[in-house]
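K.L.:
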Amino acid sequence: MSRALSPATPLAAVGRSVLGTLAMIGRVSRFAGETVSHLFRPPFYAREFLHALVQIGWLSLPVVGLTALFTGGALALQIYAGGARFNAESVVPSIVAIGMARELGPVLGGLMVAARVASSIAAEIGTMKVTEQIDALVTLSTNPMKYLTLPRVLAATLAVPVLVGVGDAIGIMGGWAVGVSRLDFNAAVYLKNTIDFLETWDVVSGLIKGAAFGFIVATMGCYYGMNSGRGAQGVGRATKSAVVAASVLILAANYVLTELFFTA
Amino acid sequence: MIELTDVHKSFGSKHVLRGVDLSIPKGTSMVIIGGSGTGKSVTLKCVLGLVRPDSGQITVDGNDVNTGDRDAFLARFGMLFQGGALFDSLPVWQNVAFRLLRGALKRPKAEAREIAIEKLRRVGLTPETADLFPAELSGGMQKRVGLARAIAAEPEIIFFDEPTTGLDPIMAGVINELIREIVTEMGATAMTITHDMSSVRAIADNVAMLHDGVIKWTGPVSRLDDSGDPYLDQFIHGRAEGPIEAVR
Numbered sequence: 058m059s060r061a062l063s064p065a066t067p068l069a070a071v072g073r074s075v076l077g078t079l080a081m082i083g084r085v086s087r088f089a090g091e092t093v094s095h096l097f098r099p100p101f102y103a104r105e106f107l108h109a110l111v112q113i114g115w116l117s118l119p120v121v122g123l124t125a126l127f128t129g130g131a132l133a134l135q136i137y138a139g140g141a142r143f144n145a146e147s148v149v150p151s152i153v154a155i156g157m158a159r160e161l162g163p164v165l166g167g168l169m170v171a172a173r174v175a176s177s178i179a180a181e182i183g184t185m186k187v188t189e190q191i192d193a194l195v196t197l198s199t200n201p202m203k204y205l206t207l208p209r210v211l212a213a214t215l216a217v218p219v220l221v222g223v224g225d226a227i228g229i230m231g232g233w234a235v236g237v238s239r240l241d242f243n244a245a246v247y248l249k250n251t252i253d254f255l256e257t258w259d260v261v262s263g264l265i266k267g268a269a270f271g272f273i274v275a276t277m278g279c280y281y282g283m284n285s286g287r288g289a290q291g292v293g294r295a296t297k298s299a300v301v302a303a304s305v306l307i308l309a310a311n312y313v314l315t316e317l318f319f320t321a
Numbered sequence: 002m003i004e005l006t007d008v009h010k011s012f013g014s015k016h017v018l019r020g021v022d023l024s025i026p027k028g029t030s031m032v033i034i035g036g037s038g039t040g041k042s043v044t045l046k047c048v049l050g051l052v053r054p055d056s057g058q059i060t061v062d063g064n065d066v067n068t069g070d071r072d073a074f075l076a077r078f079g080m081l082f083q084g085g086a087l088f089d090s091l092p093v094w095q096n097v098a099f100r101l102l103r104g105a106l107k108r109p110k111a112e113a114r115e116i117a118i119e120k121l122r123r124v125g126l127t128p129e130t131a132d133l134f135p136a137e138l139s140g141g142m143q144k145r146v147g148l149a150r151a152i153a154a155e156p157e158i159i160f161f162d163e164p165t166t167g168l169d170p171i172m173a174g175v176i177n178e179l180i181r182e183i184v185t186e187m188g189a190t191a192m193t194i195t196h197d198m199s200s201v202r203a204i205a206d207n208v209a210m211l212h213d214g215v216i217k218w219t220g221p222v223s224r225l226d227d228s229g230d231p232y233l234d235q236f237i238h239g240r241a242e243g244p245i246e247a248v249r
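If you read the protein sequences in the order shown, they are chains A and B. Following this note's numbering, the numbering of the first sequence begins with 58 at its first residue and continues without gaps. Following this note's numbering, the numbering of the second sequence begins with 2 at its first residue and continues without gaps.
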């Protein structure tokens with residue numbers, strides 16, 4: 058019997074795939090653990106951290122802001138249309154606020170940052186690897202994990218919650234603008250309803266999610282960059298893998314955090 | 002003295018080094034030659050600890066390269082990479098003074114800049130180059146900046162990885178002369194890997210021929226042309242016929 062027709066072949070393929078995935082999870086976990094361990098061991102590169110903070114935080118503001126603005130507006134229209142089926146149009150301000158703060162702000166903000174930042178980190182570090190700049194760092198007595206990875210991961214973990222907070226505010230204002238201009242809500246009443254129904258935990262849980270997503274985005278970017286293959290194709294593959302992995306992990310982490318925060 | 006004893010290294014099923022034995026006396030310039038893919042770069046990276054050998058021993062002045070204080074060990078080395086490996090995000094002077102701006106050898110910024118400019122001048126570049134970024138430099142200038150960075154902290158041991166690759170013959174000659182001058186005036190131990198025979202004759206005190214993962218021949222550069230070794234003869238004369246199989 059040929060090997061291709063053996064009944065064990067599909068099972069072996071599944072086994073290989075499972076083992077490969079587990080090995081990957083192990084490698085990424087070790088990488089993340091090593092990154093965090095450098096947080097407690099000098100030297101620290103403040104200039105690199107500030108540079109990463111500007112690149113990841115400040116320069117992501119337009120894309121996160123625009124995403125939140127349009128999402129808030131669309132959410133108001135959807136909730137209004139859905140709520141009209143059982144005469145609940147008045148819930149638009151509170152549902153937009155809660156939806157933005159708890160879910161859409163952190164998740165869409167995280168995904169937009171993943172697209173923008175994980176790709177650029179993976180491409181930058183991947184190019185540094187294939188042009189031997191990482192080896193050069195080592196020969197210059199500089200640990201690449203400390204110099205490249207930690208500043209980016211720390212900056213993303215601190216910057217993304219701020220982006221999420223700003224995105225929440227912009228998203229709510231997007232809903233307000235649509236509510237007032239298209240759905241005939243009174244501007245002051247809309248804002249009062251938003252404030253009255255929004256609780257501190259709604260916002261804080263979203264910010265915590267933002268920190269987790271920022272950590273995931275930068276860690277994936279750095280991991281795939283550091284493990285980039287040779288040449289343009291290797292860097293391209295690393296960039297694509299970083300964005301895909303960061304996006305999937307953000308959605309998975311969002312579910313886990315939501316379970317932890319709101320069903321316990 | 003750098004000493005490699007029975008060093009083996011494989012990547013998956015590919016055996017790159019199959020028992021490399023080599024000695025580089027202190028203050029001498031050793032050039033390792035060999036075809037592409039014969040393990041020259043891997044040998045160099047094993048000495049630096051960038052790649053860990055599967056077996057065998059590598060010592061520098063009697064100390065194993067994979068034990069002890071890594072920072073102190075690496076502080077003794079300078080390296081010129083094949084493509085320069087300059088950091089794109091930093092201006093030239095910060096590339097040159099990289100080691101002097103952080104870590105154990107940290108100096109005040111102004112002093113580090115002064116040293117960087119002096120090293121740039123040493124490799125034939127003007128002080129105006131200092132504030133340019135690597136992307137603004139030609140290939141030859143990038144090599145010179147890489148050379149300036151390699152010597153900035155006055156290392157005892159300098160490695161040169163294909164120092165003339167991608168350069169025109171005149172620029173290659175300039176880089177070869179610079180390397181020879183700098184190694185001589187610093188009294189450094191040098192290890193160069195190349196397949197450029199003009200570099201070999203300009204830089205080397207001793208030559209080692211690496212083929213099929215082992216050192217096939219080693220001796221002084223003066224014996225290069227009458228070594229009697231068929232591998233070395235084929236390589237230095239660039240013959241297609243001989244014991245080294247040419248892929249056509």
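Every residue gets a Cβ at the ideal spot worked out from N, C-alpha and C, and that includes glycine.
Taking a contact to mean a Cβ-Cβ separation below 7 Å, would you say V93/A touches M169/A in this structure?
P.N.:
Here residue 93/A corresponds to residue number 36 of the first sequence, with the count starting at 1. Here residue 169/A corresponds to residue number 112 of the first sequence, with the count starting at 1. Not in contact: V93/A and M169/A (Cβ atoms no closer than 7 Å).
K.L.:
Relative to chain A, which residues along the stretch 47-72 of chain B have a C-beta separation below 7 Å, given in chain order?
P.N.:
Within the stretch 47-72 of chain B, the residues whose Cβ lies closer than 7 Å to some Cβ of chain A are L49, L51, D72, listed in chain order.
K.L.:
According to DSSP, is F74/B helix, strand or coil?
P.N.:
For the purposes of this step, residue 74/B is taken as the residue at position 73 of the second sequence. Of the three classes helix, strand and coil, the one that applies to F74/B here is helix, per DSSP.
K.L.:
Would the stretch 258-267 of chain A count as touching the stretch 217-231 of chain A if we require 3 or more Cβ pairs under 8 Å?
P.N.:
Because the criterion of three Cβ pairs below 8 Å is met, the stretch 258-267 of chain A and the stretch 217-231 of chain A touch.
K.L.:
Can you tell me where the beta strand (DSSP E) with E4/B in it begins and where it stops?
P.N.:
By 1-based counting over the second sequence, the position of residue 4/B is 3. Element bounds for E4/B: 3-12.
K.L.:
What is the residue span of the alpha helix (DSSP H) that S329/A lies within?
P.N.:
Nothing in the structure corresponds to residue 329/A, since chain A is present only between 58 and 321.
K.L.:
The alpha helix (DSSP H) that contains Q95/B, what's its start and end?
P.N.:
Looking up residue 95/B in the second sequence gives position 94. Counting along the chain, the alpha helix (DSSP H) containing Q95/B begins and ends at 93-97.
K.L.:
Hey, would you say K27/B sits closer than 7 Å to P54/B, going by beta carbons?
P.N.:
Counting from 1 along the second sequence, the entry for residue 27/B is found at position 26. Counting from 1 along the second sequence, the entry for residue 54/B is found at position 53. Contact: no.
K.L.:
At which residue ranges does the stretch 166-191 of chain A contain complete alpha helix (DSSP H) runs of 4 or more residues, listed in the order of the chain?
P.N.:
If we require 4 residues or more, the alpha helix (DSSP H) runs fully inside the stretch 166-191 of chain A come out as 176-187.
K.L.:
Taking 7 Å as the limit between beta carbons, can you name the residues of its chain near T190/B, skipping five residues before and five after?
P.N.:
By 1-based counting over the second sequence, the position of residue 190/B is 189. So the qualifying residues of the chain are I3, I25, K27, G28, T29, E157, I158.
K.L.:
Helix, strand or coil for G42/B? Go by DSSP, reduced to three states.
P.N.:
Within the second sequence, numbered from 1, the residue matching residue 42/B stands at position 41. Position check: residue 42/B holds Ser in this sequence, whereas Gly was assumed. DSSP places S42/B in helix when its eight states are reduced to three.
K.L.:
What residue does the beta strand (DSSP E) around P221/B start on, and which one ends it?
P.N.:
On the second sequence, position 220 is the one that residue 221/B refers to. Where P221/B is concerned, the enclosing beta strand (DSSP E) stretches over 215-221.
K.L.:
Would you identify the three-state DSSP class for S24/B, choosing helix, strand or coil?
P.N.:
Stepping through the second sequence from its first residue, residue 24/B is reached at position 23. Note: S24/B maps to strand in three-state DSSP.
K.L.:
Could you please give me the residues that DSSP links to L18/B through a beta bridge?
P.N.:
By 1-based counting over the second sequence, the position of residue 18/B is 17. Answer is K10/B, bridged to L18/B.
K.L.:
Whole angstroms is fine: what's the gap from E129/B's alpha carbon to Y312/A's?
P.N.:
On the second sequence, position 128 is the one that residue 129/B refers to. On the first sequence, position 255 is the one that residue 312/A refers to. So the two alpha carbons sit approximately 56 Å from each other.
K.L.:
What number of angstroms, rounded off, separates the C-alpha of L5/B from the C-alpha of V61/B?
P.N.:
Locating residue 5/B in the second sequence gives position 4, where the first residue counts as 1. Locating residue 61/B in the second sequence gives position 60, where the first residue counts as 1. Taking the straight line from one Cα to the other gives about 9 Å.
K.L.:
Do the stretch 84-91 of chain B and the stretch 124-144 of chain B touch if we need at least three Cβ pairs shorter than 8 Å?
P.N.:
Judged by Cβ distances under 8 Å, the stretch 84-91 of chain B makes contact with the stretch 124-144 of chain B, as three or more pairs qualify.
K.L.:
May I have a chain-ordered list of the alpha helix (DSSP H) segments no shorter than 4 residues that lie completely inside the stretch 70-156 of chain A?
P.N.:
For the stretch 70-156 of chain A, whole alpha helix (DSSP H) runs of length 4 or above, ordered along the chain, are 103-113, 118-140, 149-156.
K.L.:
Report the residues of the stretch 90-122 of chain A with a CB closer than 9 Å to any CB of chain B, ordered along the chain.
P.N.:
Against chain B - using a Cβ distance shorter than 9 Å - the residues of the stretch 90-122 of chain A are P100, Y102, H108.
K.L.:
From the DSSP output, read off the bridge partner residues of Q58/B.
P.N.:
Position 57 of the second sequence holds residue 58/B. Beta-bridge pairing links Q58/B to T6/B.
K.L.:
From L168/B, L102/B, Y232/B, G229/B, pick the residue whose C-alpha is nearest to that of G140/B; which is it?
P.N.:
The residue you call residue 140/B lines up with position 139 of the second sequence. When only C-alpha atoms are compared, the closest one is L168/B.
K.L.:
Is the beta carbon of G224/A closer than 7 Å to that of G156/A?
P.N.:
By one-based count along the first sequence, residue 156/A stands at place 99. By one-based count along the first sequence, residue 224/A stands at place 167. Cβ distance not < 7 Å, so G156/A and G224/A don't count as in contact.
K.L.:
Anyone know if the C-beta pair for Y280/A and S298/A falls short of 7 Å?
P.N.:
Position 223 of the first sequence, counted from the start, is the residue given in the question as residue 280/A. Position 241 of the first sequence, counted from the start, is the residue given in the question as residue 298/A. No, these two residues do not count as a Cβ contact at 7 Å.
K.L.:
In the stretch 156-170 of chain B, which residues sit with their C-beta less than 9 Å from some C-beta in chain A, listed in chain order?
P.N.:
Per Cβ criterion, the list reads F160, D162.
K.L.:
Would you report the Cα separation of V124/B and V146/B, rounded to the nearest angstrom?
P.N.:
Working through the second sequence from its first residue, we reach residue 124/B at position 123. Working through the second sequence from its first residue, we reach residue 146/B at position 145. Going by the C-alpha atoms only, they are around 8 Å apart.
K.L.:
Taking Q190/A as the query, report the chain B residues whose CB atoms sit under 7 Å from its CB, ordered along the chain.
P.N.:
Taking the first sequence and counting its residues from 1, one reaches residue 190/A at position 133. Neighbours of Q190/A on chain B, chain order: A86, F88.
K.L.:
Following the continuous beta strand (DSSP E) through A209/B, name the residue where it begins and the one where it ends.
P.N.:
In the second sequence, residue 209/B corresponds to position 208, counting from 1. Per DSSP, A209/B belongs to the beta strand (DSSP E) from 207-212.
K.L.:
With 7 Å as the threshold, decide whether the Cβ of L197/A is near any Cβ in chain B.
P.N.:
Here residue 197/A refers to the residue found at position 140 of the first sequence. Chain B contact via Cβ: present.
K.L.:
Per DSSP, what are the beta-bridge partners of T130/B in this structure?
P.N.:
On the second sequence, position 129 is the one that residue 130/B refers to. Paired residue(s): none; T130/B is not in a bridge.
K.L.:
Could you tell me how far apart the beta carbons of F161/B and I180/B are, in whole angstroms, since I believe they sit closer than 8 Å?
P.N.:
Mapped onto the second sequence, residue 161/B falls at position 160. Mapped onto the second sequence, residue 180/B falls at position 179. Right, their Cβ atoms sit about 6 Å apart.
K.L.:
For the alpha helix (DSSP H) containing E200/B, name the first residue and the last one.
P.N.:
Locating residue 200/B in the second sequence gives position 199, counting from the first residue. Inspection of the sequence shows that residue 200/B is occupied by Ser rather than by Glu. Segment 198-204, the alpha helix (DSSP H) holding S200/B.
K.L.:
When you compare the CB of K15/B with every CB in chain A, is at least one pair closer than 7 Å?
P.N.:
As a first step, residue 15/B must be located in the second sequence, where it is residue number 14. By this cut-off, K15/B is not an interface position.
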